[in-house]
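These notes concern the structure reproduced below.
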Amino acid sequence: MENKTCAKCGSNHLMPGLEIISHLYKPTVMTGSNWIGMATASSELTATVCGECGYTEIYATEPQTLYKEWRRENA
Ligand SMILES: [Zn+2]
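With the working numbering applied, the sequence shown corresponds to residues 6 to 80, in that order.
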């Protein structure tokens, strides 16, 4: 892990690597009479919490997976 400082207060008291499991569920999709079903994308999230001001950065560990699913829905 690289040495980082808080984006808000500049403190280096950061606690990286807190993990959150997140699932992104898409609503069911119908095109014409074809049942496509429920598309699901999931990605683990990692959070870095500032021990000084509490500012929290959250990153998806599999952003490409989420983006692919998002594009399919929002293209
Ligand atoms: Zn901070």
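Backbone N, C-alpha and C define an ideal beta-carbon position, used for all residues, glycine too. On a predicted model such as this, the values are computed, not experimentally measured, just so you know.
Report all residues from its chain with a CB closer than 8 Å to the CB of residue i; omit the five preceding and five following residues, and keep chain order.
{"i": "residue 56", "result": "16, 18, 19, 20"}
Quick check: what's the CA-CA separation for residue i versus residue j?
{"i": "residue 66", "j": "residue 49", "result": "5 Å"}
{"i": "residue 60", "j": "residue 54", "result": "6 Å"}
{"i": "residue 63", "j": "residue 52", "result": "4 Å"}
{"i": "residue 77", "j": "residue 71", "result": "10 Å"}
{"i": "residue 11", "j": "residue 24", "result": "18 Å"}
Confirm the yes/no value for this check: CB of residue i, any heavy atom of ligand 1, distance under 7 Å.
{"i": "residue 9", "result": "no"}
{"i": "residue 13", "result": "yes"}
{"i": "residue 67", "result": "no"}
{"i": "residue 57", "result": "yes"}
{"i": "residue 16", "result": "yes"}
{"i": "residue 60", "result": "yes"}
Just verifying my parser: in three-state terms, what is the DSSP assignment at residue i?
{"i": "residue 10", "result": "coil"}
{"i": "residue 66", "result": "coil"}
{"i": "residue 74", "result": "helix"}
Assuming the contact rule is C-beta atoms closer than 8 Å, residue i and residue j should be a hit. Round their C-beta distance to whole Å, please.
{"i": "residue 58", "j": "residue 9", "result": "In fact, because the Cβ distance is near 14 Å, the residues do not count as touching under 8 Å."}
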